[in-house]
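Numbering (our numbering), first residue to last: 4 to 157.
Below is one structure, written out as structure tokens; the observations come after it.
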């Protein structure tokens, strides 16, 4: 498997480290990532984490902008200046820094959530609330597209 899928909750240890789930570490290894990069998600209290291909995606979008406009500068700040490298130790753990805690609200546990080409790190309760919002939006979209809800049979 070469995508980040599913989710897992891991506890932060007394030294402030958390184990990246084994199946995520396997994807990191298969993709040949020598280091991970974390960005604060813009509209949710989560971190987007991936290899340098995550940055490549943003840089391709920045390249489409006029370099003299504020948008290009803002986008560069977001992906180049408002992120951090994460180092996996020999046991597959990363240190949970203040940078991570401030944006996410993470305190004692971290939920790792697969997003295909990258993964996210969440505080468990915030992820539960966000998941409910996502499902509600998708249900509304489905209902607006003319799909009929499944009716219960008696």
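Think of the CB as a built atom: it goes at the ideal place given N, C-alpha and C, for glycine as much as any other residue.
Note that this is a predicted model, so its numbers are computed, not measured.
Quick one: grab the DSSP three-state call for residue i.
| i | result |
| --- | --- |
| residue 132 | helix |
| residue 64 | helix |
| residue 69 | coil |
| residue 6 | coil |
| residue 137 | helix |
| residue 75 | helix |
Which two residues bound the contiguous alpha helix (DSSP H) that contains residue i?
| i | result |
| --- | --- |
| residue 29 | 25 to 33 |
| residue 102 | 101 to 107 |
Need the endpoints of the beta strand (DSSP E) that residue i sits in, please.
| i | result |
| --- | --- |
| residue 112 | 112 to 117 |
| residue 43 | 39 to 43 |
| residue 51 | 50 to 53 |
| residue 80 | No beta strand (DSSP E) holds residue 80; DSSP gives it neither H nor E. |
| residue 121 | Premise fails: residue 121 is in no beta strand (DSSP E) and is neither H nor E. |
Comparing C-alpha positions only, which one of the options sits nearest to residue i?
| i | options | result |
| --- | --- | --- |
| residue 63 | 75, 52, 53 | 75 |
| residue 32 | 110, 93, 67, 45 | 93 |
Based on the DSSP output, what are the partners of residue i in its beta bridges?
| i | result |
| --- | --- |
| residue 88 | 40 |
| residue 148 | Per DSSP, none; premise fails for residue 148. |
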